[in-house]
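Below: one structure, written as structure tokens.
Residue numbers (this note's numbering): 1 to 238.
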């Protein structure tokens, strides 16, 4: 993704956003509508160091430190338990050390297509091959509670809870699981990533302002281990 990529209608402020919850790790450093640095990879080994190294690279290449940022953002899940913990622990540590607000957004928020006059169905797959579904309107508000279920079971619930004919937009890293079952639905042309999360964070930060509680993991079932409340190491010299 080129650095000239724009985040449409984003307020003027600097944001560092990361996603380690889904199958593709992404990081974005944005200044208003301009994406200063974007990184994306499907690499899963040593995600903690990979994330820290690319955060350092993003800041160094733009001559910035944490003090120059206005807000931080992180994807809280659902998705990979390990990835969720890495992203949250890293960004919590940076937020506490730099005294910057940290906003959390779900994987569903990140993937939501926000298509006007359409129902957005978001499908996310965990590393355990579990499928999570959510339904949002064009503003990103949930229409049906999310759940972990088979595609056929979800569609039965969808048709029961939201009857009628609705234009449907499919998005998320598991959207293909529903595509064959919803032949009239339109697949999102672009998938959400950390740049999408940065835009959401800037919108919320510049409209609402104020202090924010540290985000917590968004698990749809109990995790094997819990996230540590101890601060993690941050980048030296920032």
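Built from N, CA and C at the ideal position, the CB exists for glycine as well.
Since the model is a prediction, treat every value here as computed from it, not as a measurement.
Query - Residue range of the alpha helix (DSSP H) that includes residue 148 - result: First-last for residue 148: 142–148, but that is the beta strand (DSSP E), not the alpha helix (DSSP H).
Requested in this report: Determine the DSSP secondary structure at residue 54, reduced to helix, strand or coil.
Outcome: helix
Query raised in the report: Within 8 Å (strictly less), CB to CB, does residue 31 reach chain C?
Result: Note that chain C does not occur in the displayed structure, where there is just one protein chain.
Query raised in the report: Within the chosen definition, does the region 70–87 reach the region 184–204 through at least 3 CB pairs nearer than 8 Å?
Result: At 8 Å Cβ cutoff, the stretches touch.
Report task. Measure how close the beta-carbons of residue 162 and residue 119 come, nearest whole angstrom, since I'm counting them as under 8 Å. Result -> 7 Å
Requested in this report: Provide the residue(s) that pair with residue 38 in DSSP beta bridges, ordered along the chain.
Outcome: Beta-bridge pairing links residue 38 to 28.
Query raised in the report: DSSP puts residue 104 in a beta bridge; with which residues?
Result: 74
Report task. Starting from residue 139, trace the alpha helix (DSSP H) both ways and give me its first and last residue. Result -> Residue 139: not part of any alpha helix (DSSP H); DSSP gives it neither H nor E.
Report task. Give the range of the alpha helix (DSSP H) segment to which residue 216 is assigned. Result -> Looking at the DSSP string, residue 216 is not in any alpha helix (DSSP H), and its letter there is neither H nor E.
Query raised in the report: Thinking just about the alpha-carbon of each residue, which of 122, 150, 104 and 159 is nearest to the one in residue 142?
Result: 122
**Report entry** CA-to-CA distance, residue 87 to residue 18, given in whole angstroms
**Finding:** 7 Å
Query raised in the report: Apart from the five residues on each side of it in sequence, which residues of its chain come closer than 7 Å, Cβ to Cβ, to residue 151?
Result: 131, 177, 178 and 181
Report task. Following the continuous alpha helix (DSSP H) through residue 201, name the residue where it begins and the one where it ends. Result -> 194–208
Query raised in the report: According to the neighbour-count rule (16 or more other Cβ atoms, all chains shown, within 10 Å of its Cβ), is residue 216 buried or exposed?
Result: exposed
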